[in-house]
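Heads up, the thing below is written out as structure tokens.
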DNA sequence: CTCACAGTACACCGATCTGTTTCCTAGCGC
DNA sequence: GCGCTAGGAAACAGATCGGTGTACTGTGAG
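Chains as they are written, first to last, in this note's numbering: chain A, 1 to 190; chain B, 191 to 380.
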């Protein structure tokens with residue numbers, strides 16, 4: 001059991017930063033607002049992170065695993081790959097319908113930060129590659145003809161469905177499932 | 191033949207704004223920079239557009255048709271719908287491989303501007319709906335089982351492929367074509 | 001020629017941005 | 001009690017933001 005102690009200033013900053021950046025965008029949120037929302041002085045923020053860019057990157061990094069957890073199963077169970085993949089897209093549908101949904105933090109970060117060298121972009125990309133690796137593993141397990149290709153197709157549709165939801169033209173869950181089945185069938189995935 | 195006259199200040203502002211906003215992001219570009227790049231005084235900018243938000247919206251609006259033209263055919267010819275749809279994705283592949291490519295301006299605008307009431311968001315959404323309508327028309331022409339569903343699936347994959355390209359994990363053209371074929375086959379599109 | 005107007009140049013406004021510095025205080029080991 | 005340190009509050013710095021106000025200038029129509 002973890003004690004219900006007061007969270008460390010660092011953790012409060014991470015939480016506040018992740019929430020605000022996600023809800024309002026990175027550029028639209030200043031460090032003053034973050035420190036205010038965290039109930040932590042700006043001085044401490046800079047002691048801890050050194051710069052806003054680092055705060056952005058580290059908050060995304062620490063929250064990233066939890067975001068992946070929204071649609072990826074924790075235990076790599078032995079359910080058929082086809083079911084696992086479809087389940088991922090099922091959870092995606094739930095996520096995009098949740099209130100407060102504002103898209104995928106990774107995609108948002110990548111599109112908002114034009115500088116390719118920004119540390120947060122690295123973080124975002126790495127997490128997306130993890131999802132890609134998950135798809136690829138399942139595709140290989142299911143004896144896909146070309147697991148890498150199938151994984152990229154799945155990821156593309158995954159991100160596309162997210163963008164559609166943000167745009168207010170979300171696909172209904174059945175349409176998503178049908179599309180995924182079509183992609184899986186095309187490679188005769190078990 | 192159009193005379194090669196000096197473009198009007200308004201047009202120069204539109205051009206500069208569209209280019210800068212696309213390349214560096216809306217939030218990252220100030221009105222001073224736009225007016226400087228256009229070789230037009232800031233005073234004129236505000237006489238013409240009234241606010242930055244309006245400049246953003248109107249520049250996207252005036253450039254939007256040209257962007258759609260990158261992948262949509264101008265003449266609604268009578269080629270088989272299947273070919274037309276595949277051709278759209280072929281041009282998409284060329285576009286994402288072009289240098290200076292920084293994603294889809296419509297998607298970028300929608301994800302960067304969190305305020306749902308921003309005029310530029312309306313514009314971006316409208317253009318995306320035009321592409322959706324195109325897919326839907328072709329799907330209906332090809333006797334798709336559910337044209338609306340197929341159109342949304344295609345648009346999702348379209349946007350997803352764009353996001354992948356921005357992230358540096360672009361699908362190769364063959365993988366895109368194969369995925370689209372799978373979606374079309376699932377609805378027995380002619 | 002002259003007048004009206006479109007546009008320029010540029011200083012300026014208040015607000016906000018990232019980031020720094022200073023001073024103060026609460027708590028804790030010794 | 002005593003000193004050390006972590007952290008808070010807030011002023012500050014310098015830059016930049018969106019947006020205005022003002023005085024000037026080139027040019028074309030009458």
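Yeah, the Cβ is synthetic: ideal placement off N, Cα and C, and Gly gets one too. Values in this document were obtained by computation on a predicted structure and should not be read as measured data.
Item	Value
Using 10 angstroms around the beta-carbon of residue 295/B, count the other beta-carbons present and answer buried if the total reaches 16, otherwise exposed.	buried
Under 7 Å between beta-carbons, which chain A residues line up against residue 365/B? List them in chain order, please.	149, 152 and 153
Can you list, in chain order, the residues of its chain with a C-beta nearer than 7 Å to that of residue 354/B? Leave out the 5 residues immediately preceding and following it.	360 and 361
List, in order along the chain, the chain A residues whose C-beta lies closer than 8 Å to that of residue 304/B?	23, 24, 25, 28 and 102
At 4 residues or longer, and completely inside the region 10-83 of chain A: list those alpha helix (DSSP H) runs for me, N to C.	31-38, 42-49 and 52-71
Determine the burial state of residue 191/B: buried for a count of at least 16 other Cβ atoms within 10 Å of its Cβ, exposed for fewer.	In this prediction, residue 191/B scores a pLDDT of 45, lower than 50, which makes its location untrustworthy; the coordinate-derived value is nonetheless stated afterwards. Its Cβ having fewer than 16 others within 10 Å, residue 191/B is exposed.
Looking at the C-beta of residue 207/B, does it have a partner C-beta in chain A at a distance below 8 Å?	no
At the level of alpha carbons, what is the spacing between residue 87/A and residue 329/B?	28 Å
For residue 193/B, which residues of its own chain have a beta-carbon under 8 Å away from its beta-carbon, when the five flanking residues on both sides are left out?	Note that residue 193/B has pLDDT 47, beneath the 50 cutoff, so the model's placement of it is unreliable and the number below is only indicative. Cβ within range, chain order: n/a, list empty.
When you compare the CB positions of residue 57/A and residue 34/A, do they come within less than 8 Å of one another, or not?	no
Among the residues of its own chain, which have a CB less than 7 Å from the CB of residue 93/A, if the five just before and after it don't count?	173 and 176
Strictly under 8 Å for the Cβ-Cβ distance: is residue 182/A near chain B by that measure?	yes
Using only the alpha-carbon positions, how far apart do residue 349/B and residue 36/A sit?	37 Å
If you draw a straight line from the C-alpha of residue 121/A to the C-alpha of residue 358/B, how long is it?	11 Å
Roughly how many angstroms lie between the CA atoms of residue 377/B and residue 266/B, to the nearest whole one?	22 Å
Taking Cβ positions only, does residue 32/A come closer than 8 Å to chain B?	no
Starting from residue 102/A and walking both ways along the alpha helix (DSSP H), at which residues does that stretch end?	Careful: residue 102/A lies outside any alpha helix (DSSP H) and carries neither H nor E.
Can you look up residue 303/B in the DSSP assignment and give me helix, strand or coil?	coil
Do the region 311-322 of chain B and the region 38-57 of chain A touch if we need at least three Cβ pairs shorter than 8 Å?	no
Is there a C-beta anywhere in chain B that falls below 8 Å from the one on residue 159/A?	yes
Listing by chain order, which chain A residues have their CB less than 8 Å from the CB of residue 358/B?	125
Drop a sphere of 10 angstroms on the beta-carbon of residue 196/B, count the other beta-carbons inside from all chains shown, and report buried for 16 or more, exposed for fewer.	exposed
How should residue 51/A be labelled, buried or exposed, when 16 other C-beta atoms within 10 angstroms of its C-beta is the threshold for buried?	exposed
Using the Cβ count rule (16 or more neighbours within 10 Å means buried), how would you classify residue 8/A?	exposed
Taking the straight line between their C-alpha atoms, what separation do you get for residue 198/A and residue 95/A?	Here chain A has residues from 1 to 190 only, and residue 198/A is not among them.
What separation, rounded to the nearest whole angstrom, lies between the Cα atoms of residue 208/B and residue 337/B?	34 Å
Do the CB positions of residue 340/B and residue 373/B come within less than 8 Å of each other?	yes
Got a sec: is the Cβ-Cβ distance from residue 110/A to anything in chain B below 8 Å?	yes
Rounding to the nearest angstrom, what Cα-Cα distance links residue 61/A and residue 380/B in this structure?	46 Å
Whose CA, out of 356/B, 370/B and 215/B, lies closest to the CA of residue 325/B?	370/B
Output needed for residue 23/A: all residues of its chain with C-beta closer than 8 Å, excluding positions within five of it in sequence on either side, in chain order.	100 and 102
Measure the CB-CB distance between residue 273/B and residue 215/B and report whether it falls below 8 Å.	no
Output yes if chain A places a C-beta closer than 8 Å to the C-beta of residue 297/B; else output no.	yes
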